[in-house]
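As structure tokens, the structure follows; a few thoughts come after it.
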Ligand code: UN1
């Protein structure tokens, strides 16, 4: 696609040289440093944006606090109406926003559109949910008493998101947070600030059209420092953090220390078990898409294939063949399968991991490397690669955000499940098998220990309808579908006595 196309996209999304990174609705203040956003697709400057200073944080917080006092009074289905309109606005902007995601982050245009589709889907989900924020009722042990529970708005929800899903993760959190009656403060990744500005512009328009207070949705573009301030601020009732396990550990302890709530979506080390009873045609597509899609930069990307010895050689050959057909290049060109990594730092990590793997004894059946020359000027394009390894290698135990796929051989299903679970992370997992017994064993209490466990599909591409998140070092949080909304509310149990007496619980006698 040509640059003039991108100029129109930026214009349609309200992105220009004067963009400021702290905003509440239509009001902007930014006194921080200027961040320049470069596209990993061609290394060119897209636009710059002025980031938020620590003083800007205080102003945004005040706006958010004031907005919450208003917004919590709005009936939940009316809050749903706001989210419905937001979803419609996203439908209008889908092409533009999808394209910006692709250009700023480097994922394929298809995946950029897919991300916006996920935003639309979670809006639809949240609209329905806005009439279903149900609590239970229960029978009191005391005569003439009634018991029930309610869910109340929590307050301010802070969202710290990563570059790899620069728009969708925000909306998974905001769509639920808003119908639950909360206001949000978002710190997007410094690597994808323009996606942040674009989303804020879209919701600001909807808020304005509805005469809602500014400050229901707030943006803060800034560094680690801003994130730290937000995590340690007792005014921020819930912090939803997506990112590395290392930073997640800091966030978790800081928030826990002030008894705040957190949702942690940290690293994954996702495996697919390829059984001898697998459909190998289906398995190849699942494995290759999982490993190279988004250039291996999803939390749910497939990092490991655990393959039965009887089909190992066959599957290995098919993989080599499939990798040979991959087209690497400009993600906005729909003929390409694999785009660039996010930046040079990421390329370094990719190269380091390959070297570590070789040093530990890994043998590459598809070699990696950085692409150079015409169309690869950004220096961020790398070759997806495949290595035969031991699961116990230090590098295999570690998540590298790049398209490096590890192959491990197994004999028995028990062994395969043990290998799959034998990593510190616990996000997504899958088994490819047409054998019912194997599938059920994999899904049983003795099977996968991950938050997501699939049969005959890959590890990535979770639908928004399910709760998304993982165990162990993945952090334990759940967001998106199912009953993840409960994290965004404050729970209250109510007991009402409608008699003239005061019978005490547990039959305790207390006479005066
Ligand atoms: C992430 O990588 O942060 O399952 C989330 C998937 C997406 C979500 C990925 N729906 O691949």
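Numbering (the UniProt record's numbering), first residue to last: 5 to 516.
Heads up, the beta-carbon is just placed ideally off N, CA and C, and yes, glycines get one too.
In this text the structure is predicted, and so the values were computed from the model without any measurement.
### Message
According to DSSP, simplified to helix, strand and coil, what is residue 268?
### Response
Reduced to three states, the DSSP call for residue 268 is strand.
#### Entry: Reduced DSSP category for residue 19 - H, G, I as helix; E, B as strand; rest coil
In the structure shown, residue 19 sits in coil (DSSP, three-state: anything other than H, G, I, E or B).
### Query
For residue 499, which three-state DSSP category applies?
Of the three classes helix, strand and coil, the one that applies to residue 499 here is strand, per DSSP.
#### Entry: Cutoff 6 Å; reference residue 164; Cβ partners in own chain excluding five residues on either side
Apart from sequence neighbours up to five positions away, the residues of its chain that approach residue 164 with a beta-carbon distance below 6 Å are 191, 231 and 245, ordered along the chain.
### Query
Between residue 265 and the rest of its own chain, which residues show a CB-CB distance below 8 Å, the 5 nearest in sequence each way excluded?
Exclusion of the five residues before and after residue 265 leaves 158, 241, 242, 243, 259 and 491 as the residues of its chain whose Cβ lies within less than 8 Å of its Cβ.
### Task
Kindly list the residues whose CB is nearer than 7 Å to the CB of residue 5, restricted to its own chain and excluding five residues on each side of it in sequence; keep chain order.
In this prediction, residue 5 scores a pLDDT of 48, lower than 50, which makes its location untrustworthy; the coordinate-derived value is nonetheless stated afterwards. Spatial neighbours of residue 5 in its own chain (CB-CB distance under 7 Å, excluding positions within 5 residues in sequence) are listed in chain order as 336.
### Query
Skipping 5 residues on each side, what residues in its chain have a beta carbon closer than 6 Å to that of residue 153?
So the qualifying residues of the chain are 139, 140 and 497.
### Message
Could you give the first and the last residue of the continuous alpha helix (DSSP H) run that contains residue 199?
### Response
Note, residue 199: alpha helix (DSSP H), 197-213.
### Beta-carbon gap between residue 223 and residue 247 smaller than 8 Å
Their beta carbons are not under 8 Å apart, which means residue 223 does not touch residue 247 by this criterion.
### Query
CB of residue 186 to nearest heavy atom of the ligand UN1: below 7 Å?
Because no heavy atom of the ligand UN1 lies under 7 Å away, the Cβ of residue 186 does not count as near it: no.
### Task
Less than 8 Å between the CB atoms is what I'm expecting for residue 421 and residue 308, so what's the real figure, rounded?
The Cβ separation is near 13 Å, so there is no contact.
### Query
Out of 160, 175 and 516, which has the shortest C-alpha to C-alpha gap to residue 123?
Among 160, 175 and 516, the Cα nearest to that of residue 123 belongs to 175.
### Task
Select from 78, 56 and 20 the residue whose C-alpha is nearest the C-alpha of residue 50.
Considering only alpha carbons, the answer is 20.
### Query
What are the boundary residues of the alpha helix (DSSP H) that residue 113 is part of?
Going by DSSP, residue 113 is part of the alpha helix (DSSP H) stretching over 113-133.
### Query
Per the contact definition of three or more C-beta pairs closer than 8 Å, is the stretch 271-286 in contact with the stretch 430-437?
Verdict: yes, contact present.
### Query
Does the separation of the CB atoms of residue 134 and residue 84 fall below 8 Å?
Judged by beta-carbon spacing, residue 84 lies within the 8 Å limit of residue 134, meaning their Cβ atoms are closer than that value.
### Message
What would DSSP say about residue 52, mapped onto helix, strand or coil?
### Response
When DSSP states are grouped into helix, strand and coil, residue 52 belongs to the strand group.
### Task
Run the proximity test for residue 45: is its beta-carbon closer than 7 Å to any non-hydrogen atom belonging to the ligand UN1?
No.
#### Entry: Buried versus exposed, by CB contacts within 10 Å (16 or more), residue 495
Exposed: under 16 other Cβ atoms inside 10 Å.
### Query
Of the residues 14, 392, 37 and 511, which one's Cα is nearest the Cα of residue 106?
It is 14 whose Cα lies nearest to the Cα of residue 106.
### Message
Between the alpha carbons of residue 370 and residue 299, how many angstroms are there, rounded?
### Response
Each residue's alpha carbon lies about 15 Å from the other.
### Message
Are there any heavy atoms of the ligand UN1 lying less than 7 Å away from the beta-carbon of residue 173, as far as the coordinates show?
### Response
True, at least one ligand heavy atom lies under 7 Å from that Cβ.
### Message
Using only the alpha-carbon positions, how far apart do residue 221 and residue 71 sit?
### Response
Rounded to the nearest angstrom, the two C-alpha atoms are 9 Å apart.
### Message
Cutting at 6 Å between CB atoms, please list the residues of its own chain near residue 510, excluding the five before and the five after it.
### Response
Here the set comprises nothing.
### Query
If we ignore side chains and look at the alpha-carbon of each, how far apart do residue 353 and residue 373 end up?
Distance between residue 353 and residue 373, taken at the CA atoms: about 12 Å.
### Task
Please find out if some non-hydrogen atom of the ligand UN1 comes closer than 7 Å to the beta-carbon of residue 477.
Not a single heavy atom of the ligand UN1 lies less than 7 Å from the C-beta of residue 477.
### Query
Between residue 294 and residue 270, is the Cβ-Cβ spacing less than 8 Å?
No, the pair does not count as a contact, with Cβ atoms beyond the cut-off.
#### Entry: Exposure label - residue 502; buried when at least 16 CB within 10 Å
Residue 502 should be labelled exposed.
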